[in-house]
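These notes concern the structure reproduced below.
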Amino acid sequence: MSLLEVDRVVVQFGGVTAVDEACFSAEAGRVTGLIGPNGAGKTTCFNVISGLQKPTHGAVRFDGRPVTTTPVHRRSKRGMGRTFQRLEAFGSLTVRDNVRVAFDIHRGVTGLVRSGAADVDALLERVGIAAYAGERADSIPTGTARLLELARCLAADPRLLLLDEPSSGLDESETDAFGELLAGLAAEGRGILMVEHDMDLVMGVCDVIHVLDFGRVIASGAPADIRSDRRVQEAYLGYSDVEEQPVDLTREIPAVPAHLEEPVR
Ligand SMILES: Nc1ncnc2c1ncn2[C@@H]1O[C@H](COP(=O)(O)OP(=O)(O)OP(=O)(O)O)[C@@H](O)[C@H]1O
Ligand SMILES: [Mg+2]
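When the letters of the sequence shown are read in order and numbered with the working numbering, they come out as residues -5 to 259.
Structure representation (structure tokens):
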């Protein structure tokens, strides 16, 4: 049984089908990638999984139990954590206080008593942003703010992490460190489902990848299989190693340049 199961989920916004019978899963102890072109429906899937978006059809199961209509805070209490593509930290608080608030919210939700400062600083250290602890959240670089989002998410000790484009804004060495952090979190038994456009990171760290295109899962598999999948290459990676290219019948026929038109008599 998978930690997370997305079962034939459909999301329609008026006439737009953002997610179209999507089926995929994420396992505990594994990093799972969810990739696809802009507008493919990745964030909408995250919204359905985390409870911000009611699906038009379909079901979500977490740890074997249906959560399709479970409120966000209950999913969080059961162990689902999420970061946002658009950053959600409190700008006027310091980095440390942002994480402290996340700990306090978790304590309020679960009734757990935690030791506080030492936990907060350990978490900042773990995600690699201890040097920014005293800075206001609205003054730190975007990549650091994404790591702050992750720290806030980890404060709730989630069993499943949903990470929406977590590495954007990180430089190459920060991205490498981030990949190691993800592997370490998975090694603790957490499941990670990550939407990410950095293909080196995705191919390097994910155990399994699902590819969305126009709301549908067009491929699922190990990184090597995904990299060599022709549909994925055409839909997303922007190239095909197939020599014979089919004629694209949907292509617009260019207008005849004015100087080649028949002169008007
Ligand atoms: N609230 C909404 N109302 C109407 N249409 C929406 C809404 N949210 C998303 N969409 C549309 O649904 C489709 C999927 O959007 P979504 O944000 O899930 O894509 P995405 O894969 O996360 O893209 P990106 O890589 O750019 O973040 C797009 O066509 C988008 O315009
Ligand atoms: Mg998105």
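Ideal Cβ positions, reconstructed from N, Cα and C, are used throughout, including at glycine.
Since the structure is predicted, the reported quantities are computational estimates derived from the model, not experimental observations.
Check: residue i C-beta below 7 Å from any heavy atom of ligand 2
i, result
"V205", "no"
"V189", "yes"
"Q79", "yes"
"T37", "yes"
"D158", "yes"
Heavy atom of ligand 1 within 7 Å of residue i beta-carbon
i, result
"Q6", "no"
"N50", "Before going further, note that residue 50 is Thr rather than Asn in the sequence given. False, no ligand heavy atom lies under 7 Å from that Cβ."
"A12", "yes"
"K71", "no"
"A16", "no"
"G33", "yes"
"G30", "yes"
First and last residue of the uninterrupted alpha helix (DSSP H) at residue i
i, result
"A20", "Not the alpha helix (DSSP H): A20 falls in the beta strand (DSSP E), residues 10 to 20."
"R69", "66 to 72"
"I43", "36 to 44"
"F172", "166 to 181"
"I220", "217 to 221"
"D113", "111 to 121"
Own chain, CB closer than 7 Å to residue i, minus 5 neighbours either side, in chain order
i, result
"M(-5)", "G58"
"L243", "For L243, the predicted structure reports a pLDDT of 40, less than 50, and the residue's modelled location is therefore unreliable. The matter cannot be settled from this model."
"G52", "D1, R2, V3, V4"
"D192", "S161, T169"
"M197", "P217, R221"
"G173", "L195, G198, V199"
"T38", "V5, A12, V13, Q47"
"G45", "T64, P65, V66, R69"
"V236", "With a pLDDT of 44 at V236, under the threshold of 50, the modelled position of that residue is not reliable, and no figure is offered here."
"A213", "V205, I220, D223, R225, V226"
Boundaries (first-last residue) of the beta strand (DSSP E) holding residue i
i, result
"L187", "185 to 189"
"E(-1)", "-2 to 7"
"R55", "51 to 56"
"T138", "Element bounds for T138: not the beta strand (DSSP E) but the alpha helix (DSSP H), 136 to 148."
"G27", "25 to 29"
"V205", "202 to 207"
"A194", "Checking the displayed sequence, the identity of residue 194 turns out to be Asp instead of Ala. Where D194 is concerned, there is no enclosing beta strand (DSSP E), although the alpha helix (DSSP H) it sits in stretches over 193 to 199."
Sequence-distant residues of the same chain with beta carbon closer than 6 Å to residue i, five excluded per side
i, result
"G75", "C147, A150, P152, L155"
"A112", "none"
"H253", "In this prediction, H253 has a pLDDT of 47, which is less than 50 and means its spatial position is unreliable; nothing more can be read from the coordinates."
"R55", "E(-1)"
"A34", "L206, D207"
Residue i CB to nearest heavy atom of ligand 3 below 7 Å
i, result
"A112", "Inclusion of ligand 3 in the displayed structure is not the case, the ligand content consisting of ligand 1 and ligand 2 alone."
Per DSSP, cross-strand counterpart(s) of residue i
i, result
"T88", "R130"
"V211", "L206"
"G75", "L155"
"P60", "R55"
Other residues of its chain near residue i: CB distance less than 8 Å, five sequence neighbours each side excluded
i, result
"S86", "R130, A131, D132"
"A124", "D115, L118"
"F84", "D91, N92, V95, A131"
"Q239", "Residue placement at Q239 is poorly supported in this model, since its pLDDT is 45, which falls under 50; the coordinates still yield a value, given next. Answer for Q239: no residue qualifies."
"F7", "none"
"T88", "A127, G128, E129, R130, A131"
CB contact below 8 Å: residue i versus chain C
i, result
"S162", "Considering every chain present, this structure includes no chain C. It has just one protein chain."
Count the C-beta pairs between the stretch 7 to 26 and the stretch 193 to 209 that are closer than 8 Å, then say yes if the count reaches three, no if not.
-> Cβ pair count under 8 Å is three or more, so yes.
Within the chosen definition, does the stretch 21 to 31 reach the stretch 181 to 192 through at least 3 CB pairs nearer than 8 Å?
-> Touching, per the Cβ criterion.
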